[in-house]
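Here's the structure, in structure tokens; my notes come after.
Protein chains: 2
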Amino acid sequence: MVPHLATALTGPLLDLEKKILDATPAIERWFRLEWQEHTPPFYCSVDLRNAGYKLAPVDTNLFPGGFNNLASEMLPLTVQAAMAAIDKYCPDARNLLLIPETQAQSRNPTYLQNVARLMQIFRQTGLHVRLGSLSPDVTQPTPLALPDGNMLVVEPLVRSANGRRLGLVDFDPCTILLNNDLSSGIPSILENIHEQSLLPPVHAGWALRRKSNHLKAFDEVAKKFGKLIDIDPWLVNPLHAKVSEVDLEHDQGTEELADAVSSLLSKIKKKYKEYGMKEQKPFVIVKPDAGTYGMGIMTIKDASEVRDLSLKQRAKMSVVKDGLAVTDLIVQEGVPTFEKIDDAVAEPVVYMIDRYVVGGFYRVHGERGIDQNLNAPGSQYVPLAFAQQHAVPDLKAKPGTAAPNRFYVYGVVARLGLLAASLEMERTDPNPEVY
Amino acid sequence: MVPHLATALTGPLLDLEKKILDATPAIERWFRLEWQEHTPPFYCSVDLRNAGYKLAPVDTNLFPGGFNNLASEMLPLTVQAAMAAIDKYCPDARNLLLIPETQAQSRNPTYLQNVARLMQIFRQTGLHVRLGSLSPDVTQPTPLALPDGNMLVVEPLVRSANGRRLGLVDFDPCTILLNNDLSSGIPSILENIHEQSLLPPVHAGWALRRKSNHLKAFDEVAKKFGKLIDIDPWLVNPLHAKVSEVDLEHDQGTEELADAVSSLLSKIKKKYKEYGMKEQKPFVIVKPDAGTYGMGIMTIKDASEVRDLSLKQRAKMSVVKDGLAVTDLIVQEGVPTFEKIDDAVAEPVVYMIDRYVVGGFYRVHGERGIDQNLNAPGSQYVPLAFAQQHAVPDLKAKPGTAAPNRFYVYGVVARLGLLAASLEMERTDPNPEVY
């Protein structure tokens, strides 16, 4: 199920954690049955926020970078899960083509380490792995230096003579793995690929993907989960609303956004009241419905802040990754993070391949508050290593828990995000007949 | 594919190891394709012998004990593989019934630790796990003390009111996992179970299973594998012959056995000559075609030894586990072991769940020679832990190898045994329509 990792939190289990741990057999069975009906994304990372009173995913990434931030002890688990995934899509695979981000090539050595780690994982499943570039600048094999002195080589993509397959000059892959979220649109070279497994599918990319579809699916998943273990789904699900056609830079939709913020803040306040949290100050996060890369995300505590946004702030909300313009916005209940590492605010990020939790890390930011987005320049990463309690089986413990696995709870909530992503992908598939 | 574990061998890779590592992508693809056609046993352990010049399975156990001998770091990998296995047989499982050995209950605390470890593994997949006993003496829940002070409880098995299901008084399992090799026959309470998954199937038990069927299947697997990576299959496959209806105690079949030994010794000698090993002394292992528990196994270097067996030795060959009489014998090429731990002779044992290698250990025996069976009183177990090389990706290494994973080679040969067991189970299934 979920590896037993050491979390930043210590001390007694919170109520929600206890409830989830107690329901382990029911939860695992439910996931097994859901995966009979739905196909998990090939890989996925989920950013969580643990507020103590609630624990919820705040971002579900279908093109996870950051595999290099997982503890190296996680590698065998990751390779095994990758093996299961490859098995499903392309058992006769010899070759895997990995398509990384283009912009990141030159400017982000950390991202390149993620690419190197992904190559290592898939090589260890026994595949030949090479890198193809979506960048028009890559017209021949191009070396990219890794911080450790090793080299990656990206190569130009080519379509086969009959136009039906995608590969490299002398490399015909069975599986094409995107680690590029397609924020700048779907390149024509990725179109009409039917003979090979293109994973994740192009509609998982931000050219087409919308957070609102994910959140809608997550509402359903959280509701089912709440019923399953008899909790208020709000405990794992932030409230949210969508505001369409906003262009803050040209003052279009500002009022609608302010109203939505105001309405969501009241709803959160009501929830806080219901749970007797009189001191808790509600806040919301405003972010584009289409992809971001940690850009264009605002923390807002009062609707008036929307009206008072400076021109600079407005401009910031209008430009997201690769120049994609913001039109629709999501207003999401802010979940403060309860966890700290060395006094710096921290949020857990859980990594999954296929249906399996393969590891996690804390994203830590020394300059940010408990109510702010931590996926921003200056963030650091603390890998989670195995907790050593598992060495001594405690047979008197509740079934499934042994020594209580706090990280298990994170793995469960992350998998709720994974399941929602699976529903989202099914429902937004432009060619649903393939399911 | 196979975790990167630290083996006892150090120094440069042997030729066979190199050949296997170089062929990693082809081998992994081949296994993936074979598992599309054949169902791996639920779990399996394979005893290997590494002679330097050859590396071969010498025993394939379908009811592995000894999960407690795996390093505790292996637990997450084992749980993930168990999850994949449960998924396949019974995704809606809530309950798993584990049926351990009966004799071992009172007399073998080490075996009980294996049972405790298995319970821990399956609890961590999110199942309720309880123990059912095949012993008629267990008429009520019976506590069994573990060496660490914890308790296991075995309970009497019951059939449901309509007779169709097997469980405990208030426990209806979806999966029934046998960790009892049924040497003493198939108890009637295990018969006609069609609504639940009984794993492994009863024909995997020594009441019905015969080594000769396994070896026949292994011959085919080794042949295919040899072709795949262009090696002489003999390098992974000991020569063998079967001698039927032998009763040494009553001097029946002694001559036939001596002839078979003599003939196999010449064949081995010829092979040694072919490989230029003039100094190598051939020997054979004689063992019952039906199950053993490390008993009734002889090392023989000359056919005359068969004729000169003492009455005591003859009697030993006639009694194997739970009083099953020996009639058919297997004569198998002896593979000396090349590996030592602290001057004691050692052989690797590889553990698998479903198609996944989940760990291994060395069986070590200080009192035995390199040409003797080590599965005997006095043997000790050295868990294999993860090698730490994987922390540093070596991108210039051959695909799939990174830092050369010596244990990978063991994992490959062990999986050849796993695949042979899968073919064997298919072919010996008394109700083949279920495939």
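Residue numbers (the numbering used here), protein chains in the order written: chain A, 38 to 472; chain B, 38 to 472.
In this text, a Cβ means the ideal position worked out from N, Cα and C, and glycines have one as well.
Quick caveat, the model's predicted, so the values are computed rather than measured.
- Distances from the CA of His402 of chain B to each of B:Thr374, B:Leu421 and B:Met389 were compared; the closest alpha carbon is that of B:Thr374.
- By the rule that beta-carbons nearer than 9 Å mark a contact, Asp129 of chain B touches chain A.
- At a cut-off of 3 residues, the continuous stretches assigned as beta strand (DSSP E) that sit fully inside the stretch 264-346 of chain A are 277-280, 321-325 and 335-337.
- Asp124 of chain B reaches chain A at Arg69, Trp72, Gln73 and Arg392, counting residues in chain order whose Cβ is nearer than 9 Å.
- Residue pairing by DSSP puts Tyr393 of chain A in a beta bridge opposite A:Ile390.
- Secondary structure at Gly448 of chain A: helix, using DSSP grouped into helix, strand and coil.
- For the stretch 142-174 of chain B, the set of residues with a beta-carbon nearer than 8 Å to any beta-carbon of chain A comprises Ala153, Arg154, Met156, Gln157, Arg160, Gln161, Thr162, Gly163, Leu164, His165 and Val166, in chain order.
- Here Val372 of chain B carries a coil assignment [DSSP, helix/strand/coil].
- When DSSP states are grouped into helix, strand and coil, Asn250 of chain B belongs to the helix group.
- Just so you know, the alpha carbons of Asn412 of chain A and Phe68 of chain B end up roughly 41 Å apart.
- Check the Cα spacing between Ile322 of chain B and each of B:Gly328, B:Tyr80 and B:Val368: the tightest is with B:Val368.
- Between the C-alpha atoms of Ala63 of chain B and Ile158 of chain B there is a straight-line separation of about 32 Å.
- Looking at the DSSP output, Asn132 of chain B shares a beta bridge with B:His165.
- For Met188 of chain B, the enclosing beta strand (DSSP E) starts and ends at Met188 to Pro193.
- For Gln73 of chain B, the enclosing alpha helix (DSSP H) begins and ends at Thr61 to Glu74.
- Taking a beta-carbon distance threshold of 9 Å, Ile136 of chain A does not count as an interface residue toward chain B.
- The stretch 241-253 of chain B and the stretch 307-319 of chain B do not touch, with fewer than 3 CB-CB distances between them shorter than 8 Å.
- Taking Asn151 of chain A as the centre and dropping the five residues before and after it, the same chain places the C-beta of Gly102, Gly103, Phe104 and Asn105 closer than 7 Å to its C-beta, in chain order.
- Between Arg167 of chain B and Asn132 of chain B, the C-beta spacing is below 9 Å.
- Taking a cut-off of 8 Å for Cβ pairs, the stretch 334-348 of chain B and the stretch 294-301 of chain B touch, as three or more such pairs fall below it.
- Fully contained in the stretch 398-428 of chain A are the following beta strand (DSSP E) runs of length 3 or more, in chain order: 417-420.
- Using a C-beta cut-off of 8 Å, the stretch 346-355 of chain A makes no contact with the stretch 300-311 of chain A, since fewer than three inter-stretch Cβ pairs fall below that distance.
- Leu302 of chain A is not a Cβ neighbour of Ala43 of chain A, given a cutoff of 9 Å.
- In the DSSP assignment, Pro113 of chain B falls within the unbroken alpha helix (DSSP H) covering Leu112 to Tyr126.
- Arg66 of chain A reaches chain B at Pro128, Asp129, Ala130, Arg131, Gly163 and Leu164, counting residues in chain order whose Cβ is nearer than 9 Å.
- Shown here, Ile230 of chain A sits in coil according to DSSP, grouped into three states, outside any helix or strand.
- Taking a beta-carbon distance threshold of 9 Å, Phe423 of chain A counts as an interface residue toward chain B.
- Only residues of its own chain outside the window of five on either side were considered, and among them Thr97, Asn98, Leu99, Pro101, Met389, Leu455 and Ala458 have a CB closer than 7 Å to the CB of Cys81 of chain B, listed in chain order.
- Setting aside the 5 residues that flank it on each side, Leu51 of chain B is surrounded in the same chain by Gly89, each with a C-beta closer than 7 Å to its C-beta; the list follows chain order.
- Listed along the chain, the chain A residues whose CB falls inside 8 Å of the CB of Ala121 of chain B are Ala121.
- Following the DSSP letters along the chain, one finds Thr97 of chain B inside the beta strand (DSSP E) bounded by residues Leu92 to Asn98.
- The C-beta of Pro184 of chain A has fewer than 16 other C-beta atoms within 10 Å across all chains shown, which makes the residue exposed.
- Contact between the stretch 263-275 of chain A and the stretch 45-61 of chain B is absent: fewer than 3 CB-CB pairs across the two stretches fall below 8 Å.
- Here Lys125 of chain A is exposed, its C-beta having fewer than 16 other C-beta atoms within 10 Å.
- Residue state for Asp84 of chain A is assigned as strand, using DSSP reduced to three classes.
- DSSP, read as helix, strand or coil, puts Gly204 of chain B in strand.
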